[in-house]
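Q: Shown below is the structure under consideration.
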Amino acid sequence: MDDLKQRADELDAADPLAGCRDRFTIPDGLIYLDGNSLGVLPTNVADRVADAVSRGWGEQLIRGWNTAGWIDLPRRIGDRIAGLIGAPEDSVVCADSTSVNLAKVLQAALALVPERQVVLSDTGNFPTDLYIAQGQLGQAWALRTVAPDRVSAALTPETGVLMLTQVDYRTGRLHDMATLTAKARSLGVVTIWDLAHSAGALPVDLAGAGADFAVGCGYKYLNGGPGAPAFLYVRPDLQNRVSSRLTGWMGHAAPFTFDPEYRPAEGIDRFRVGTPAILSMVAMDAALDVWDDIDMQAVRQKSLSLSGLLIDCIERFAGEFGLELASPRDDHNRGSQVSWHCPDGYAVMQALIERGVIGDFREPDLIRFGLTPLYLSHGDVVGAAAILEDILRRRTWDQPRFHVRDRVT
Ligand SMILES: *Cc1c(COP(=O)(O)O)cnc(C)c1O
1147 MDDLKQRADE LDAADPLAGC RDRFTIPDGL IYLDGNSLGV LPTNVADRVA DAVSRGWGEQ
1207 LIRGWNTAGW IDLPRRIGDR IAGLIGAPED SVVCADSTSV NLAKVLQAAL ALVPERQVVL
1267 SDTGNFPTDL YIAQGQLGQA WALRTVAPDR VSAALTPETG VLMLTQVDYR TGRLHDMATL
1327 TAKARSLGVV TIWDLAHSAG ALPVDLAGAG ADFAVGCGYK YLNGGPGAPA FLYVRPDLQN
1387 RVSSRLTGWM GHAAPFTFDP EYRPAEGIDR FRVGTPAILS MVAMDAALDV WDDIDMQAVR
1447 QKSLSLSGLL IDCIERFAGE FGLELASPRD DHNRGSQVSW HCPDGYAVMQ ALIERGVIGD
1507 FREPDLIRFG LTPLYLSHGD VVGAAAILED ILRRRTWDQP RFHVRDRVT
């Protein structure tokens, strides 16, 4: 792999994002290829959260909702996320979890097309998205899933809602949001995009695509911490025409009038539900500081450079050990993660983790690697591939302890 090592060194020397690694706290010696599951800790977060605990909770107490602006955090953070996903101000709110947000926007979407019957998604969608749809669709609606490359052809006038995750959580396959949204719109189909593996991973242009709704995750590429609040987007001209069926007091026009009748707030605020988790919101807000001067085109360029290099490295020995690339080779169709079908993939991943290379395993047989351009180098990629080759060649993974399944993989 000497030639690849040299290529990595050259790419790192010319990398405009190389300095961003200093914005994160990463344990020494670790090659972390799982930022698509839980992003690393931005260095400024710990102090900000500590301050929110000691000065905010400890001293300001209830006054903090006004004096520290806690009540506005979901909107302020929403506006910051909006800047990363091509959304205008006042169209994104940071709240709840991705699952809950999806339930909210799905109900709003269904109500826009009451005469239709089908919610269309793809078989690669993340299970929680499909579960939420299964739970939210009443008798009148059916959930239809087709293979990802059949989605466009399956859009028909019966389709009411197109609900897709832009980047496939297993394979990294990237849907063409602009083209699919345009076709959906031409047929009167409402679109919901899940940006869990897109926000912070690649440039997204929700407004340009004309998407109706979107949801996304705070703890993956946005590094908001374990269980960080998620976000949702509603196209501005729709906001006052739709409403969530989770009509909590924080989505009321005037929560502190304690009016017994629900009246939706104007705009995106009506998609809030209950009291925001302020300590998590403070962490999320601080974590977003790392993006302030970042150009998403540069992130995309480096992401493809990292994932392309990882593919080149691993494909050199993949066939010998029965590994098969599950991700698109073509840059245009690939998000920011790469995975391989791998015999005994679970044990192989456990052995990798023990050697300090953290990726993850996804059923049924995938070893998966997330590429996060702000804190990974090309050298990390070559180093990880070399350790994987060593584990496969020496069959280090073939030990009982690597086969014991943890609850979270
Ligand atoms: C990670 C992920 C989620 C996570 O949902 P939570 O409600 O945060 O558990 C949802 N959808 C997709 C596509 C994901 O990748």
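Numbered according to the numbering used here, the sequence shown spans residues 1147 to 1555. Glycine included, C-beta positions come from ideal geometry on N, C-alpha and C.
(1) Who are the Cβ neighbours of L1538 in its own chain at under 6 angstroms, not counting the five residues just before and after it?
(2) For G1420, I'd like the list of residues in its chain whose CB is within less than 8 angstroms of its CB, leaving aside the five on either flank, ordered along the chain.
(3) I'd like to confirm something about Y1367: is its beta-carbon nearer than 7 angstroms to some heavy atom of ligand 1, or not?
(4) What number of angstroms, rounded off, separates the C-alpha of L1450 from the C-alpha of T1189?
(5) Hey, G1362 and A1342: beta-carbon distance below 8 angstroms or not?
(6) Cβ-heavy atom distance between T1244 and ligand 1 below 7 angstroms?
(7) Could you spell out where the beta strand (DSSP E) holding H1487 opens and where it closes?
(8) Measure how close the beta-carbons of A1249 and V1388 come, nearest whole angstrom, since I'm counting them as under 8 angstroms.
(9) Quick one: residues in its chain with C-beta nearer than 8 angstroms to the C-beta of T1302, no 5 flanking neighbours on either side, listed in chain order?
(10) Would you say the beta carbon of F1272 comes nearer than 7 angstroms to a heavy atom of ligand 1?
(11) Using only the heavy atoms of ligand 1, determine whether one of them is closer than 7 angstroms to the beta carbon of H1343.
(12) Here's the rule I'm using: 16 or more other beta-carbon atoms within 10 Å means buried, otherwise exposed. How should P1372 be labelled?
(13) Between the beta-carbon of A1376 and the beta-carbon of S1482, is there less than 8 angstroms?
(14) Would you kindly work out how many angstroms separate the C-alpha atoms of R1508 and D1351, rounded to a whole number?
(15) According to the Cβ coordinates, are A1345 and I1227 closer than 8 angstroms?
(16) Between C1240 and ligand 1, is there a pair consisting of the residue's CB and a ligand heavy atom that are separated by less than 7 angstroms?
(17) Starting from the C-beta of I1513, find all residues in its chain whose C-beta is less than 7 angstroms away, skip the five residues before and the five after it, and write them out in chain order.
(18) Consult DSSP for R1146 and reduce its assignment to one of helix, strand or coil.
(19) With C1459 as the anchor, note down where its alpha helix (DSSP H) starts and where it stops.
(20) Decide if I1338 is buried, meaning its Cβ has at least 16 other Cβ atoms within 10 Å, or exposed.
A: Per the coordinate set shown:
(1) F1467
(2) G1394, W1395, M1396
(3) no
(4) 25 angstroms
(5) yes
(6) yes
(7) 1483 to 1487
(8) Contact doesn't hold; Cβ gap of about 14 angstroms is too wide.
(9) V1264, L1333
(10) yes
(11) yes
(12) exposed
(13) no
(14) 29 angstroms
(15) yes
(16) no
(17) S1485, W1486, C1488, G1491, V1494, M1495, G1505, F1507
(18) Because the chain in this structure spans residues 1147 to 1555, residue 1146 falls outside the shown range and cannot be described.
(19) 1442 to 1464
(20) buried
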